[in-house]
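The structure under discussion appears below in the form of structure tokens.
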Amino acid sequence: MTKTLQTFDTSDRPWLDHYPDVVPRTLDYPELHAWGLLERTASRHPDRIACHYYKQTVTYRELSENAHRTASALVKFGVKPGDRVGVLLPNLPEYLSVLNGIWMAGGIAVAMSPLMVAEEIDTFMTTTDCKVVIGLDMLAPLIVNAKYKPEHILFATLGDRLPAWQKVAYAFARLQRFGFWPASDHPTHHSLEDQVAAGDADFQPVKSTSLDEPAYILPTGGTTGAPKAVTLSHRNLIANAWQIYNWGGAYEAREKILTVLPFFHSYGLTSCAMSGIAMAATLVIHHRFVPRIVLRLIEEHQPSIFPAVPAMLAALNEVLRDRPVQFKALRYVVSGGAPLSDEIANEFARYSGATLVEGYGMSEASPVICTGPLDGTNRAGTIGLPLPDTEVRIVDGDDGTTILGPGEIGELVARGPQVMLGYWQNEAATSEVIRDGWLYTGDMGTCDEDGFFRIVDRKKDLVITSGFNVYPADVEPVLKNAPGVEDVVIVGEPDLKCGEIVKAVVSVRSLAEFDRATFDAYAAERLAKHKRPRIVEVIVDELPKNFLGKVLRRKLRTDSESAEQQRDTELVPESAVSAAGTAADFDPTSSDEPAPDLKE
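In the numbering used here, the protein residues as written are 122 to 721.
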């Protein structure tokens, strides 16, 4: 019988019969502001270690006190309820206290990626009208040289925690970038450490009138025109953290989470930071994914949980083939951001003894929607089951309302307490993806009779590389202005490690007028590294288009072999343009080895 989203039977949730025994079918969610999880854990487990970072350890009591002190400093600088405060930091313990401090001050945290280039940072600060920005000293030029001027900037540093020789390298790198330090000589520039030290540890958090008010804004669409900014409420963040906490068995004060997914990404924020705090876990933090460093952290700290992306697992497998590591405690790995191949999963499982499952989500859902069961009943190739209190349907891709049966391919739609409020000040874009409370993901999938879901394709032209979204509409206008380029289209090419890599098909008048090194340098100055093409195909012809003038992207993805026979083409090898200005700059140890991190 045909059903629609408006009339379906809400008891029709076959996945509930396949939940692990330890997972409730529905949850009682704590009525807390986003900062409430930290307060709850700090009161119950004040002396438990919240973070390991290099040789630094921070307890939950200290983390909470620093959050209160940060909040009082922000209020001193004029932050009022509803004001936006930008955060431009890699994974550091300060990220957690800053985030919670912003919420305690009544502010809305605005996540900015250290992988962004200057223009992107400027645009996003302008779009969200950040009153204050808290950033890493090494990234200061991205903030201070922008056209948009926050009223105050607070700078953190990781240099004080590095080994002695690395401190020198860090200071030298900083000097090369922007001269003598500190930048806090400026009247509106301040040391975060000094301001926190002077803050009030007894600051009383500001309580918003509703848990449905905005708490967190993060970019999802890039910077062409007006970027889309996902807006998550306090309730959204608490709900998704609580769902993940309960999916793992709701064990309290016993887990260690290997935390190398970036907090500025919704996946790292929820799967590591928010759910980790909910379960009173110890977070083993590093600010950059470098395989050999990560394996040393595993040996030293023996984490029990590892949220990852396939590119990380593939890179670790390469090292583990020659350098065995003792995994004594790792219970499960949840992989997201891109499809996980059986080959990569099975190899890492052999080395680690851990259970590996895939999850699925998007920033618009805080981000987790589905994940594999952790009791050994997971089904390879699926994204698992919807989280508690999350409804997922496969609907007809044309009408968007007719629910399809098991095995039929349609668009995956979801609703639940983790679905976003909408896009920041963009009602039109919001109404396109949220209809009658349902989030239309743009992903094509199927569901089997038992409620296990599988992603098979995407309606969108989005490229997902190592968990990062690359929107062709953001990249193409930039590269069309590169020297020698007539036209360009961006597509994704399948890649075992990264899920997809970015491919540019470039139309030129003459091969003699196009230089790959110049093209790469142009891209490096204007695009975050994960947005830059890894493959460049050059054609002396027009791009294939339909009668409406729309580029046939699918043809460029799948027919490359025939295209080479039909058109004058040349595949240009990737140049060795450096990744200056990206996450590599945080780590003076980057010479240790190339890092296939989240920007690759």
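Ideal Cβ positions, reconstructed from N, Cα and C, are used throughout, including at glycine.
Where residue i sits in the DSSP three-state scheme
i: Cys619; result: coil
i: Leu137; result: helix
i: Glu634; result: helix
i: His408; result: coil
i: Gln539; result: coil
i: Thr522; result: coil
i: Leu477; result: strand
i: Glu532; result: strand
i: His311; result: strand
i: Glu272; result: coil
i: Ala705; result: Below a pLDDT of 50, predicted positions are generally treated as unreliable, and Ala705, at 42, falls in that range; no measurement from the model is reported.
i: Gln687; result: Any reading at Gln687 needs caution, since the residue's pLDDT is 29, under 50, leaving its predicted position unreliable; the model's value is listed next. Here Gln687 sits in helix by DSSP.
i: Gly572; result: coil
i: Phe245; result: helix
i: Val554; result: helix
i: Ser415; result: Note on identity: in this sequence residue 415 is Val, with Ser being the wrong assignment. If DSSP states are grouped into helix, strand and coil, Val415 belongs with the helices.
i: Ser396; result: helix
i: Ser628; result: strand
i: Leu279; result: coil
Within 7 Å, strictly: CB atoms of residue i and residue j
i: Val254; j: Gly222; result: no
i: Ser484; j: Leu382; result: no
i: Val610; j: Leu664; result: yes
i: Val411; j: Lys377; result: no
i: Pro211; j: Val327; result: no
i: Ile555; j: Glu614; result: no
i: Gly505; j: Gly497; result: no
i: Ile359; j: Leu153; result: yes
i: Glu532; j: Val516; result: yes
i: Ala429; j: Ser456; result: yes
i: Asp204; j: Lys252; result: yes
i: Pro167; j: Arg182; result: yes
i: Thr330; j: Gly543; result: no
i: Asn357; j: Ser487; result: yes
i: Glu439; j: Leu461; result: no
C-alpha gap between residue i and residue j, whole angstroms
i: Val727; j: Ala649; result: Nothing can be reported for residue 727: it is not among the residues displayed for the chain, which extend from 122 to 721.
i: Asp138; j: Asp571; result: 8 Å
i: Asp133; j: Asn367; result: 22 Å
i: Lys624; j: Thr522; result: 34 Å
i: Asp641; j: Arg653; result: 8 Å
i: Leu441; j: Leu600; result: 38 Å
i: Ser387; j: Pro527; result: 30 Å
i: Trp136; j: Pro308; result: 57 Å
i: Ala436; j: Gln364; result: 29 Å
i: Arg295; j: Pro262; result: 10 Å
i: Trp197; j: Asp281; result: Checking the displayed sequence, the identity of residue 197 turns out to be Lys instead of Trp. When rounded, the distance between both Cα atoms is 26 Å.
i: Asp608; j: Val627; result: 6 Å
i: Thr586; j: Ala645; result: 17 Å
i: Ser354; j: Gly369; result: 23 Å
i: Leu722; j: Ser218; result: Since the first residue shown for the chain is 122 and the last is 721, residue 722 is missing from the structure and cannot be characterised.
i: Asn467; j: Ala475; result: 10 Å
i: Asp622; j: Phe574; result: Note on identity: in this sequence residue 622 is Ile, with Asp being the wrong assignment. Answer to the nearest angstrom: the Cα atoms are 24 Å apart.
i: Arg674; j: Pro141; result: 41 Å
i: Leu260; j: Gly518; result: 43 Å
i: Ala394; j: Pro214; result: 10 Å
Beta-bridge partners of residue i, as assigned by DSSP
i: Thr503; result: Beta-bridge pairing links Thr503 to no other residue.
i: Asp595; result: In the DSSP output, where bridge partners are listed per residue, Asp595 has none listed.
i: Met565; result: Glu532, Asp578
i: Thr403; result: Lys377
i: Phe640; result: Per DSSP, none; premise fails for Phe640.
i: Ile170; result: Thr180
Any chain D beta carbon closer than 7 Å to residue i
i: Arg630; result: Any reference to chain D falls outside this structure, which holds one protein chain only.
*Could I get the ranges of all uninterrupted beta strand (DSSP E) runs contained in the segment 180 to 233, with 3 residues as the minimum, in chain order?*
205 to 209, 229 to 232
Next on the checklist: My parser needs the beta strand (DSSP E) runs of 3 or more residues fully inside the segment 325 to 375; what are they?
Outcome noted: 335 to 340, 350 to 354
- Considering only residues of the segment 427 to 478, which uninterrupted beta strand (DSSP E) runs meet the minimum length of 3 residues and lie entirely inside it, listed in chain order? 453 to 456
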